[in-house]
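Note that our numbering gives residue 229 to position 204 of the sequence shown, counting from 1, and the numbers run on in steps of one. Ideal Cβ placement from N, Cα and C applies to all residues, glycine included. Please read the structure below before turning to the comments.
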Amino acid sequence: MAINLKDSVQFKDIHISCVHSGTWTQPNTGKREKRSIKIGCPFGIKLACGKNCNYLEIKKVHFEHNHQISEELFKNYPKNRKPNAKEIDAINNLINLGCDASKIVHEIQEQTQKRFTVQDLKNLKKKLPDIPKIPKNEQEDLAFEAIVNNIMKDSSNFIRSRKDAKGIMSSLFFVLGCQKNWFEKFGNLTHIDATYKVNLENYVLYIFLCQDSSLRGIPVATCLMRTEANENMDFMYESFSKVYDTNKVEVIMVDKDLQNLELLGKYFPHAKVLICTFHVSNI
Ligand SMILES: [Zn+2]
């Protein structure tokens, strides 16, 4: 059994082994017992120079492991979960934006397909240099920028923003490409729902929802606004009518607190406005 390499033998010998080969003993430091990856796995292939070093000869093969192997387990190995320099930068940005750990882990898993864990994130944080904290208002600008950049990546998405007289963003309206189909199918009944104090600056989050055939609410548009001033509300409905044919909306369900109801007639000319009984019964 010989591989003839004649002119190109680069190594005198090669030993391929499993990451679990070898053994490890805990130094007697009195510290808590650690687990080691080294569990004496016998898997290995040994190659060594043959006669006159003209070729490598297979000296020994052992194809059995002393542990389970599978693609799933392989993906979970610390080495394969480890983010590269570019991914570490992205993680660092998310940490600085004040994202919570589970969201960062989810994002990294989605982007890299690596089995990055919350514990990996904790370990990584310890190694990262202490970066001066970004002031909260700047954090929000960065968060907005990240949202906008992400939405703009896909040309089927729609995004529009409004600035006030001082050049500060007062509303951000967006619709994702996939949401357009939902409105096409279920848009005749549209809910408009507001959530308050969604972030540090107390922005209001408006969501337009339709109901699918199993009556589950599905979002078809989102708008963040600094205040519910008439200009911002008008901007939101106007943006909605730029994306969707609002003539087809027959019923609009709103909660009792919805401001500037008269604007609905301007942008949804054929819709009946109903106040949601859920919100009324919760008064
Ligand atoms: Zn092994």
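Please identify the residue among the options whose C-alpha is closest to the C-alpha of residue i.
i      : options                           : result
ILE41  : GLU112, ASN285 and LEU72          : LEU72
ILE176 : LYS147, GLN144, GLY192 and CYS203 : CYS203
GLU253 : ASP270, ALA296, ASP189 and ASN206 : ASP189
ALA219 : PHE183, ARG187 and MET258         : MET258
GLU170 : ASP179, SER127, ALA296 and LEU197 : LEU197
GLY65  : GLY47, ASP179, PHE183 and LEU122  : GLY47
ASN206 : SER238, TYR228, LEU288 and VAL245 : VAL245
VAL173 : THR247, PRO108 and ASN272         : THR247
VAL86  : GLY69, THR54 and TYR269           : GLY69
PHE99  : ASP179, ILE62 and TYR228          : ILE62
ASN91  : GLU97, ARG60 and PRO67            : PRO67
ASN272 : PHE208, GLU163 and LYS76          : PHE208
Suppose the cutoff is 7 angstroms on Cβ atoms and the five residues either side in sequence are ignored; what does the same chain contact list for residue i look like?
i      : result
ILE217 : TYR231, PHE233, ILE277, VAL279 and LEU283
LYS84  : LYS71, LEU72 and ALA73
VAL298 : ILE277, VAL279, LEU286 and LEU289
ASN255 : ASN285
PHE199 : ILE176, ASN182, PHE183, ILE184 and THR247
Mind reading off the beta-carbon distance from residue i to residue j? Whole number of angstroms is fine, and I expect it under 8 angstroms.
i      : j      : result
LEU81  : ILE116 : With 8 angstroms as the limit, LEU81 and ILE116 do not qualify as a contact, their Cβ atoms being about 42 angstroms apart.
ARG185 : PHE141 : Contact doesn't hold; Cβ gap of about 34 angstroms is too wide.
LEU153 : LEU122 : Not confirmed; about 14 angstroms, so no contact.
GLU135 : LEU119 : Going by Cβ atoms, the distance from GLU135 to LEU119 rounds to 12 angstroms, so no, they are not a contact pair.
ARG251 : TYR228 : 6 angstroms
Taking all protein chains shown into account, decide if residue i is buried (16 or more other Cβ within 10 angstroms of its Cβ) or exposed.
i      : result
GLN138 : exposed
PHE293 : buried
LEU240 : exposed
PHE88  : exposed
VAL143 : exposed
LYS291 : exposed
PHE36  : exposed
TYR221 : exposed
ILE193 : exposed
ILE129 : buried
THR50  : exposed
SER264 : buried
Within the continuous alpha helix (DSSP H) that includes residue i, where are the two ends?
i      : result
ILE113 : 110-121
THR137 : 126-137
VAL6   : With the chain running from 26 to 308 in the structure shown, residue 6 is simply not present.
GLU253 : Per DSSP, GLU253 belongs to no alpha helix (DSSP H) and is neither H nor E.
PHE99  : 96-101
For the beta strand (DSSP E) that contains residue i, what are its first and last residues?
i      : result
GLY242 : 242-250
CYS74  : 69-74
GLN236 : 229-236
LYS188 : 183-188
For residue i, which residues from the same chain have a beta carbon less than 8 angstroms from its beta carbon, with the 5 sequence-adjacent residues on both sides left out?
i      : result
GLN236 : PHE211, LEU214, HIS216, GLY242 and ILE243
TYR102 : VAL44
GLU275 : ASN213, LEU214, HIS295, ALA296 and LYS297
LYS147 : ALA126
PRO104 : Residue identity check: residue 104 is Lys in the sequence provided, not Pro. Cβ within range, chain order: VAL44.
ALA179 : Rather than Ala, the amino acid found at residue 179 in this sequence is Asp. Taken in chain order, the residues that qualify are LEU201 and GLY202.
Residues in its own chain within less than 6 angstroms of residue i by CB, not counting five upstream and five downstream?
i      : result
ILE308 : Any reading at ILE308 is ruled out, since the residue's pLDDT is 42, under 50, leaving its predicted position unreliable.
ASN182 : ILE176, LEU201 and GLY202
ARG187 : SER195, SER196 and PHE260
ILE39  : LEU72
CYS301 : MET278 and ASP280
TYR262 : LEU288 and TYR292
SER266 : TYR292
LEU249 : LEU197, TYR228 and LEU230
Closer than 7 angstroms, CB to CB, is residue i near chain E or not?
i      : result
ILE184 : Going by chain labels, chain E is absent from the structure shown, which holds only one protein chain.
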